[in-house]
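Taking it in order: structure first as structure tokens, then the write-up.
Residue numbers (the working numbering): -16 to 561.
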């Protein structure tokens, strides 16, 4: 590796050639503030907050490649004044209603302002007039808080290749806009929420449904049932100051009961049900050779991405509803019948790590007898807000178990939260269903890990080989789909998750600021917690879950039965590319 020698604040150091000054400084423990910079997503040097002094010049350190012999100063009067001026100019056209902002306390602009000791806004003048966009069921855009850093554009375009938003107009009139200035709901947005995770301020947030859920809980005529996704339990604790990757399953269940939910169920049950239906569907397609590869349909961001970009391959998507939609359907049919409750009086609330689940919950294709399978979707962040609003001491809660009969899931269901989890869970079941033998080692480590695209050939006991691909991040998915269209790739089974790392870093999870995300591997820590939860389960295969067995015996009959198709399967629609 080629190295060069530079000096930062009087410290001489050897660094790899091609390293930026910002990276070199941070490696030395020297703090340089930044706003627009986000590693791997945005390197535009547009905010000028990270400027350093190199000779007589002030240069943005996030894009400045270090050169041999370079002498850099990061904390001169000239540097501090330039940074303050840049931030004060941003604040002059910013909606500074910080107390009522969802990002208050976690806003990167607020942090930088405090760090630079800015107490007054020096610059006054015309302020841009913006209208909030509430049209999307998943994401709210408030341009009055936008600082034009471009991080959302990078997340949407560079990372996800969705390109639903971009810069428009010039100068003072510059805005982040959809194509032709349409509402977000009319764009190609797939609702993944990665723009929210990238935004340093409160310009992008989830479409809140907290009051809707409070109203349901206050209605004595309603039976309010809640279910929680696997990834929520390994991230919720972060909202209460607990370390990244802390498992809070029992505390979460206890908190939900304290909030007033009548039944607390686990979406892991729905995940096990998904494996039974999708595994059977995969075996059927492998036998017939039709509509291969079978592509997972658990991720609504990925499904909508397909509907916009690859409508000619919609038949390859599994017809299975996602786990929380399956569980909602079972609550309003099987559970309602078993408990003698009118399904019209049941309200199903899903706690999800994902903003796209809000859009999914509103799809008319995911309903039965004029009832949506799921009535309201809350993100991990929204649940944390409700717990705080109710004054619950979350950290000191004693753990409680989920309710039966549809609150019990297997270890295979838990790992749905991490990339590769759906494929591994499916393979655990498909292997045993096709062989009639017990697996000695059930971990399919080949589908684990954070590589963007993982390709493997899995051999079943009957000699059948399954060509698998596990993909996370829509940019990676697009690469693979286009390679398949060109005839360069061919598979039997594909698992795709829209967000990098899978649901553990979904758009509804706790937001980690750009600096902290560089210092620790959030994906790895949350994924480790997911696999630890799997290992702690007594039952680790979906088809071995006794509550799933009882469901088929008492109600559904068999996987892919007529009733199962009526309640648990769906179809998709072609959408505009523009």
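No residue lacks a Cβ here, since even glycine has one placed at the ideal position from N, Cα and C.
Could you please give me the residues that DSSP links to residue i through a beta bridge?
i: residue 439; result: 451
i: residue 113; result: The partner list for residue 113 (beta bridge, DSSP) is empty, contrary to what the question assumes.
i: residue 210; result: 248 and 333
i: residue 478; result: 453
i: residue -1; result: -14
i: residue 48; result: 3
i: residue 36; result: 41 and 56
i: residue 124; result: 116 and 187
i: residue 552; result: 303
i: residue -6; result: -9
Can you look up residue i in the DSSP assignment and give me helix, strand or coil?
i: residue -12; result: strand
i: residue 387; result: coil
i: residue 43; result: strand
i: residue 149; result: strand
i: residue 561; result: coil
i: residue 467; result: helix
i: residue 188; result: strand
i: residue 433; result: coil
i: residue 25; result: strand
i: residue 525; result: helix
i: residue 495; result: coil
i: residue 171; result: coil
i: residue 14; result: coil
i: residue 54; result: strand
i: residue 104; result: coil
i: residue 277; result: strand
i: residue 158; result: strand
i: residue 375; result: coil
i: residue 69; result: helix
i: residue 445; result: coil
i: residue 545; result: helix
i: residue 535; result: helix
i: residue 420; result: coil
i: residue 504; result: coil
i: residue 489; result: coil
i: residue 195; result: helix
i: residue 514; result: helix
i: residue 129; result: coil
Looking at C-alpha atoms only, which residue of the options is the closest neighbour of residue i?
i: residue 51; options: 24, 96, -4 and 66; result: -4
i: residue 357; options: 232, 179 and 331; result: 331
i: residue 420; options: 526, 389, 355 and 323; result: 526
i: residue 106; options: 141, 85, 67 and 92; result: 67
i: residue 199; options: 131, 381 and 242; result: 242
i: residue 413; options: 402, 265, 428 and 341; result: 265
i: residue 500; options: 13, 122, 23 and -2; result: 23
i: residue 37; options: 54, 21, 31 and 49; result: 54
i: residue 177; options: 547, 408 and 25; result: 25
i: residue 20; options: 555, 3, 518 and 361; result: 3
i: residue 554; options: 32, 246, 122 and 286; result: 286
i: residue 396; options: 437, 85, 127 and 259; result: 259
i: residue 162; options: 175, 173, 153 and 146; result: 146
i: residue 371; options: 222, 401 and 104; result: 222
i: residue 493; options: 56, 90, 31 and 18; result: 90
i: residue 256; options: 541, 508, 363 and 560; result: 541
i: residue 157; options: 139, 171 and 110; result: 110
i: residue 191; options: 226, 167 and 123; result: 123
i: residue 551; options: 538, 559 and 557; result: 538
i: residue 495; options: 549, 180 and 328; result: 180
i: residue 318; options: 399, 535, 29 and 556; result: 535
i: residue 390; options: 128, 530, 137 and 58; result: 530
i: residue 307; options: 115, -13 and 215; result: 215
i: residue 155; options: 77, 115, 175 and 141; result: 77
Examine chain B for any beta-carbon lying closer than 8 Å to the beta-carbon of residue i, and answer yes or no.
i: residue 491; result: The structure shown contains no chain B; it holds only a single protein chain.
Using C-beta distances below 7 Å, list every residue in its chain close to residue i, excluding the 5 sequence neighbours before and after it, in chain order.
i: residue 182; result: 134 and 135
Once you ignore the five residues that flank residue i on each side, which residues in its own chain have a CB closer than 8 Å to its CB?
i: residue 445; result: 417 and 418
i: residue 61; result: 36 and 41
i: residue 245; result: 206, 207 and 208
i: residue 224; result: 378
i: residue 165; result: none
Identify, in the order they occur along the chain, each residue of the same chain with its Cβ nearer than 6 Å to the Cβ of residue i, setting aside the five sequence neighbours on each side.
i: residue 239; result: 209 and 247
i: residue 543; result: 263
i: residue 508; result: 227 and 228
i: residue 438; result: 452
Problem set entry | Those runs of the alpha helix (DSSP H) which lie wholly inside the region 292 to 371 and span at least 4 residues | 306 to 313, 319 to 322 and 339 to 345
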